[in-house]
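Protein chains in written order, with the numbering used here: chain A, 256 to 614; chain B, 256 to 614; chain C, 256 to 614.
Cβ coordinates follow ideal geometry from the N, Cα and C atoms, glycine included.
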Amino acid sequence: MIDIPSLVDQYCHGVLRTELGLGTFEARLGPAASTPAPGTTFFDTQTGFAVRRWCPPLLGLEPHCPPARYLARRRELGVLEAGRRLLRSSGIATYLVDTGPPGDLTGPAELAATGGATAHEIVRLELLAEEVAATSGTVDAFLANLAEAVHAAAVRAVAFISVTAAHSGLAALPGPPDPAEVRRAAGRCLAARRAGDRTADPVLLRHLVWIAVTTGRPLQLHTGDRDPGSLAGFAAATAGLGTDLVLLHAYPHHRTAARLAGIHPHVHADLGPALARTGARAAAVLAEVLELAPFGKLLFSSGADGLPELHVVAAHTFRSALARVLGEWVGDGAWSPADARRVAAMLAAENARRVYRLP
Amino acid sequence: MIDIPSLVDQYCHGVLRTELGLGTFEARLGPAASTPAPGTTFFDTQTGFAVRRWCPPLLGLEPHCPPARYLARRRELGVLEAGRRLLRSSGIATYLVDTGPPGDLTGPAELAATGGATAHEIVRLELLAEEVAATSGTVDAFLANLAEAVHAAAVRAVAFISVTAAHSGLAALPGPPDPAEVRRAAGRCLAARRAGDRTADPVLLRHLVWIAVTTGRPLQLHTGDRDPGSLAGFAAATAGLGTDLVLLHAYPHHRTAARLAGIHPHVHADLGPALARTGARAAAVLAEVLELAPFGKLLFSSGADGLPELHVVAAHTFRSALARVLGEWVGDGAWSPADARRVAAMLAAENARRVYRLP
Amino acid sequence: MIDIPSLVDQYCHGVLRTELGLGTFEARLGPAASTPAPGTTFFDTQTGFAVRRWCPPLLGLEPHCPPARYLARRRELGVLEAGRRLLRSSGIATYLVDTGPPGDLTGPAELAATGGATAHEIVRLELLAEEVAATSGTVDAFLANLAEAVHAAAVRAVAFISVTAAHSGLAALPGPPDPAEVRRAAGRCLAARRAGDRTADPVLLRHLVWIAVTTGRPLQLHTGDRDPGSLAGFAAATAGLGTDLVLLHAYPHHRTAARLAGIHPHVHADLGPALARTGARAAAVLAEVLELAPFGKLLFSSGADGLPELHVVAAHTFRSALARVLGEWVGDGAWSPADARRVAAMLAAENARRVYRLP
Numbered sequence: 256m257i258d259i260p261s262l263v264d265q266y267c268h269g270v271l272r273t274e275l276g277l278g279t280f281e282a283r284l285g286p287a288a289s290t291p292a293p294g295t296t297f298f299d300t301q302t303g304f305a306v307r308r309w310c311p312p313l314l315g316l317e318p319h320c321p322p323a324r325y326l327a328r329r330r331e332l333g334v335l336e337a338g339r340r341l342l343r344s345s346g347i348a349t350y351l352v353d354t355g356p357p358g359d360l361t362g363p364a365e366l367a368a369t370g371g372a373t374a375h376e377i378v379r380l381e382l383l384a385e386e387v388a389a390t391s392g393t394v395d396a397f398l399a400n401l402a403e404a405v406h407a408a409a410v411r412a413v414a415f416i417s418v419t420a421a422h423s424g425l426a427a428l429p430g431p432p433d434p435a436e437v438r439r440a441a442g443r444c445l446a447a448r449r450a451g452d453r454t455a456d457p458v459l460l461r462h463l464v465w466i467a468v469t470t471g472r473p474l475q476l477h478t479g480d481r482d483p484g485s486l487a488g489f490a491a492a493t494a495g496l497g498t499d500l501v502l503l504h505a506y507p508h509h510r511t512a513a514r515l516a517g518i519h520p521h522v523h524a525d526l527g528p529a530l531a532r533t534g535a536r537a538a539a540v541l542a543e544v545l546e547l548a549p550f551g552k553l554l555f556s557s558g559a560d561g562l563p564e565l566h567v568v569a570a571h572t573f574r575s576a577l578a579r580v581l582g583e584w585v586g587d588g589a590w591s592p593a594d595a596r597r598v599a600a601m602l603a604a605e606n607a608r609r610v611y612r613l614p
Numbered sequence: 256m257i258d259i260p261s262l263v264d265q266y267c268h269g270v271l272r273t274e275l276g277l278g279t280f281e282a283r284l285g286p287a288a289s290t291p292a293p294g295t296t297f298f299d300t301q302t303g304f305a306v307r308r309w310c311p312p313l314l315g316l317e318p319h320c321p322p323a324r325y326l327a328r329r330r331e332l333g334v335l336e337a338g339r340r341l342l343r344s345s346g347i348a349t350y351l352v353d354t355g356p357p358g359d360l361t362g363p364a365e366l367a368a369t370g371g372a373t374a375h376e377i378v379r380l381e382l383l384a385e386e387v388a389a390t391s392g393t394v395d396a397f398l399a400n401l402a403e404a405v406h407a408a409a410v411r412a413v414a415f416i417s418v419t420a421a422h423s424g425l426a427a428l429p430g431p432p433d434p435a436e437v438r439r440a441a442g443r444c445l446a447a448r449r450a451g452d453r454t455a456d457p458v459l460l461r462h463l464v465w466i467a468v469t470t471g472r473p474l475q476l477h478t479g480d481r482d483p484g485s486l487a488g489f490a491a492a493t494a495g496l497g498t499d500l501v502l503l504h505a506y507p508h509h510r511t512a513a514r515l516a517g518i519h520p521h522v523h524a525d526l527g528p529a530l531a532r533t534g535a536r537a538a539a540v541l542a543e544v545l546e547l548a549p550f551g552k553l554l555f556s557s558g559a560d561g562l563p564e565l566h567v568v569a570a571h572t573f574r575s576a577l578a579r580v581l582g583e584w585v586g587d588g589a590w591s592p593a594d595a596r597r598v599a600a601m602l603a604a605e606n607a608r609r610v611y612r613l614p
Numbered sequence: 256m257i258d259i260p261s262l263v264d265q266y267c268h269g270v271l272r273t274e275l276g277l278g279t280f281e282a283r284l285g286p287a288a289s290t291p292a293p294g295t296t297f298f299d300t301q302t303g304f305a306v307r308r309w310c311p312p313l314l315g316l317e318p319h320c321p322p323a324r325y326l327a328r329r330r331e332l333g334v335l336e337a338g339r340r341l342l343r344s345s346g347i348a349t350y351l352v353d354t355g356p357p358g359d360l361t362g363p364a365e366l367a368a369t370g371g372a373t374a375h376e377i378v379r380l381e382l383l384a385e386e387v388a389a390t391s392g393t394v395d396a397f398l399a400n401l402a403e404a405v406h407a408a409a410v411r412a413v414a415f416i417s418v419t420a421a422h423s424g425l426a427a428l429p430g431p432p433d434p435a436e437v438r439r440a441a442g443r444c445l446a447a448r449r450a451g452d453r454t455a456d457p458v459l460l461r462h463l464v465w466i467a468v469t470t471g472r473p474l475q476l477h478t479g480d481r482d483p484g485s486l487a488g489f490a491a492a493t494a495g496l497g498t499d500l501v502l503l504h505a506y507p508h509h510r511t512a513a514r515l516a517g518i519h520p521h522v523h524a525d526l527g528p529a530l531a532r533t534g535a536r537a538a539a540v541l542a543e544v545l546e547l548a549p550f551g552k553l554l555f556s557s558g559a560d561g562l563p564e565l566h567v568v569a570a571h572t573f574r575s576a577l578a579r580v581l582g583e584w585v586g587d588g589a590w591s592p593a594d595a596r597r598v599a600a601m602l603a604a605e606n607a608r609r610v611y612r613l614p
């Protein structure tokens with residue numbers, strides 16, 4: 256048997272502080288901003304079935320009990336106590352938390368306290384741009400404040416993330432925008448903001464990405480389920496600068512992300528959401544990522560957002576999938592048991608500790 | 256063991272009425288309009304091996320008997336009796352039949368009678384455009400007749416299909432074309448027809464697709480083995496209109512089709528031809544589709560064209576693949592037996608009954 | 256048990272003649288021109304683990320022994336003797352050798368002698384263009400010499416390969432360039448060469464590809480890990496000319512390559528490097544290729560470059576993966592044992608013998 260050590264969750268969000276009903280809970284099981292079709296439910300997904308597999312026993316119920324029963328028990332315990340029981344049985348020792356998404360989610364400190372773990376902040380560039388725009392009156396002030404804000408964030412946070420840069424310009428224009436372009440973009444941003452529009456400007460976002468790259472902090476890029484092969488130009492442009500890139504959410508193009516991680520020393524690939532969202536199929540998806548990626552370049556994450564159940568499901572699914580895949584290879588004689596244990600520890604925590612320079 | 260109920264085949268064609276020789280039978284085992292390379296045969300494919308696995312026993316022969324022996328037995332029984340035996344052992348209770356492809360294939364009524372089943376028509380927009388063009392003298396008449404023909408078809412048929420729209424304009428231009436454009440296209444069509452050219456005009460096809468969308472009947476789109484991600488714009492443009500879309504033939508991009516089915520309430524994904532054409536690999540391909548798609552959004556089909564053997568192979572392959580995949584997940588404790596039975600019934604028939612409003 | 260006969264390796268390179276240290280050996284385990292990230296090693300890849308699985312026993316060591324120990328033993332035997340032991344236990348009877356890559360690698364004759372096998376040359380069009388440019392003073396002479404060189408190569412070699420044409424023009428412009436364009440390209444080439452630039456001109460390369468097509472020798476195209484679907488236009492343009500195309504390195508798009516091999520009688524797909532680089536996952540990747548490709552259109556290769564260990568790993572991995580995949584299908588009753596043995600022989604050697612007209 257392969258023993259999987261405590262996990263570093265290299266990309267997640269906090270959890271909701273409010274009690275949830277069947278509908279509000281269900282909404283968190285599907286893709287963001289989506290709704291189930293009439294006559295169907297997001298409980299009938301791999302994520303829904305995985306939640307019903309792993310979570311009821313942690314609250315004293317039978318696995319696979321009906322959703323309504325699970326939610327009744329969850330409310331009976333209260334959102335705080337249920338969150339505490341769930342997170343503390345996840346086996347996650349360190350959370351890296353994207354504090355960017357809107358909504359009343361717990362921050363790193365609160366997540367750490369609830370989960371009996373440590374936590375660090377990941378700064379979302381889109382949110383930082385919006386915050387700085389709100390307090391800057393002129394283009395000059397805006398640009399100066401932006402640079403300062405990124406460098407200040409680099410001191411307190413362990414990484415940066417951009418959730419939109421990969422599909423709004425970085426693929427076609429991998430280099431930094433020129434200063435005149437940036438000034439025009441900054442002007443547009445301030446004007447748009449006064450008109451109530453808060454959409455991130457693609458030029459300004461590229462500018463921000465390149466400031467972030469100069470800080471030396473790892474930069475996470477959400478590939479938005481698109482082919483990460485489109486980031487080959489950006490990967491080449493940032494090679495040798497000493498800043499690591501981490502590709503998130505590449506499924507169903509996870510094999511391409513794995514390949515990029517093999518070609519570029521500074522590129523890494525995420526293992527998380529693909530596993531958490533594919534439930535009973537997690538071992539198969541994990542095995543695909545393990546085809547071409549060097550084993551030192553893969554990082555576990557939960558990608559969980561809002562529900563502690565999602566942190567739990569990601570962690571349990573990852574551990575059981577990894578133990579199964581590596582166990583089979585050892586059983587076949589393809590890998591040695593010692594190598595399998597070593598690789599398990601790398602994927603679970605050691606690679607993340609190296610990339611994010613965690614204690 | 257997972258018990259799979261009778262199937263709704265949500266997309267197929269009729270069968271040939273003529274006796275077939277080795278060459279004419281073999282031609283139906285490969286991709287349309289293709290021929291085997293010299294020194295090779297389409298019997299040496301997963302489809303060929305699957306036909307030899309499932310069909311000989313239904314005609315009283317050993318599984319995997321040589322193709323020549325199987326065809327001799329088929330001729331001995333006669334095409335009608337062989338078709339009757341094959342279709343009646345397929346476990347398909349309802350056929351939705353695309354009546355569009357050229358050639359002397361049985362229609363829905365004849366297929367239903369042969370197979371001891373019920374059948375409904377799917378109207379192919381490309382064929383409807385051609386038929387209306389043949390009986391319309393002016394642009395005005397053509398356009399009026401088109402609209403009338405689509406609405407008449409919506410009364411008698413259960414769905415529309417376009418086999419070319421997805422890769423001839425709908426990806427780049429998801430919205431309806433403007434009226435002036437449509438008039439010009441209609442004029443081009445009539446002129447081209449008089450010159451003997453019957454190719455569907457992309458603008459006219461988009462126009463037809465949008466008329467079809469207004470009828471509320473489900474619209475099937477053949478993605479032509481291309482990335483259905485290119486239809487994201489059309490999916491967004493048709494969201495909330497009350498018309499369901501069904502993506503056909505997405506393999507090898509079936510994971511992307513499954514993902515779209517999760518994002519858009521009105522988008523569904525087909526399970527069929529990928530399974531029928533991959534034979535011994537069907538369980539693996541099916542499992543990939545089951546990663547991200549909500550289970551209420553997946554529909555069985557055979558995609559069979561010309562040979563009743565293809566209806567049989569699709570149905571048997573689907574049932575055995577589904578029983579195997581779900582059986583393994585139940586065995587692992589990942590799914591409950593009750594959920595597995597429920598999902599099996601949804602994929603086999605219930606989802607199709609809901610989407611196509613079948614009795 | 257499925258017995259796999261001796262192999263034809265339809266695409267490989269020679270081996271290095273120099274003794275290797277840990278670093279120079281490791282560099283050959285990753286992608287070309289890449290280096291491992293600090294704190295990681297290319298030994299921690301499927302390729303690295305596969306080398307440690309299969310090769311130490313051939314030199315008298317335990318499987319999975321540490322890399323340093325393996326390399327010490329390799330040096331103790333000497334590069335020649337180690338190469339002899341490795342290649343002779345690979346089960347490869349015929350090597351088709353791309354003599355194009357730079358560096359001091361053994362040629363076909365030396366590889367054949369070392370491996371106790373036969374070998375044939377594959378001529379790389381990029382290298383041939385460079386050699387002819389070096390000895391041609393004028394555009395007229397250059398173009399005449401090019402045509403002559405290709406036709407001379409077609410006499411002595413079994414195939415041509417282009418490693419860059421697929422992603423430098425052939426996708427967008429599948430037809431032959433017109434003569435005036437070719438003359439301009441030839442002029443540019445000669446001028447660039449005098450300025451020290453040896454990059455292949457895309458127009459000239461397309462010209463060369465089309466000369467190669469006229470010789471009737473199979474043309475191998477390296478798809479550079481990109482979607483071979485982009486070569487559909489070139490496949491259509493070369494249909495019926497009597498020249499076979501072989502798509503190399505399609506992973507992770509190997510299913511698309513397999514589909515093209517089913518659609519076009521003259522298109523074939525390679526099995527090799529995907530298997531050699533995915534180690535413990537080779538059976539799963541092989542099974543994916545076997546979904547849609549006719550079994551007469553798939554060819555084994557090692558893709559090995561520099562290390563005889565890579566020839567060995569590819570061959571052993573292929574044999575064990577094929578035996579496992581086909582063995583499972585026979586066990587399930589999906590394939591007959593006779594069919595499985597027949598398909599194994601086709602993939603291992605017979606298809607290559609037919610395509611390359613080998614004795």
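DSSP places residue 607 (chain B) outside any beta strand (DSSP E); the residue lies instead in the alpha helix (DSSP H), whose first and last residues are 606-610. Residue 560 (chain B) and residue 268 (chain B) have their C-alpha atoms some 5 angstroms from each other. Under a criterion of Cβ atoms nearer than 8 angstroms, the residues of chain A adjacent to residue 301 (chain C) are, in order, 545, 546 and 547.
Between residue 416 (chain B) and residue 466 (chain B), the beta carbon gap of about 14 angstroms keeps them out of contact (Cβ cut-off 8 angstroms). Under the 8 angstroms criterion on CB atoms, residue 525 (chain A) is classed as non-interfacial with respect to chain B. DSSP, reduced to helix, strand and coil, places residue 317 (chain A) outside both helices and strands of the structure shown, so it counts as coil. Boundaries of the alpha helix (DSSP H) around residue 547 (chain B): 537-547.
For residue 411 (chain B), the number of other beta carbons within 10 angstroms of its own is below 16, and it is reported as exposed.
Rounded to whole angstroms, the Cβ separation of residue 366 (chain A) and residue 344 (chain A) is 15 angstroms, and the two are not in contact under 8 angstroms.
Residue environment analysis places residue 614 (chain C) among the exposed positions, since fewer than 16 neighbouring C-beta atoms fall within 10 angstroms of its C-beta. In the three-state scheme derived from DSSP, where H, G and I count as helix and E and B as strand, residue 340 (chain A) is classed as helix. For the pair residue 354 (chain A) and residue 385 (chain A), the Cα-to-Cα distance works out to about 14 angstroms. Residue 593 (chain B) and residue 282 (chain A) have their C-alpha atoms some 23 angstroms from each other.
Residue 452 (chain B) sits exposed, since fewer than 16 C-beta atoms from the chains shown fall within 10 Å of its C-beta. One thing to note: residue 520 (chain B) has its Cβ no nearer than 8 angstroms to the Cβ of residue 505 (chain B). Neighbours of residue 518 (chain C) in chain B, taken as residues at a C-beta separation under 8 angstroms, are given in chain order as 286 and 289.
DSSP places residue 596 (chain B) in the uninterrupted alpha helix (DSSP H) bounded by 592-600. Annotation: residue 481 (chain B) is outside any beta strand (DSSP E) and is labelled neither H nor E by DSSP.
Between residue 535 (chain B) and chain C, the shortest Cβ-Cβ separation is below 8 angstroms.
For residue 268 (chain C), no Cβ of chain A is located within less than 8 angstroms of the residue's own Cβ.
For residue 506 (chain B), the three-state secondary structure derived from DSSP is coil. Residue 346 (chain C) counts as buried, since no fewer than 16 other beta carbons sit within 10 angstroms of its beta carbon. In terms of CA proximity to residue 551 (chain B), B:526 leads the group B:557, B:526 and B:558. A straight line joining the alpha-carbon of residue 548 (chain C) with that of residue 381 (chain A) spans about 45 angstroms.
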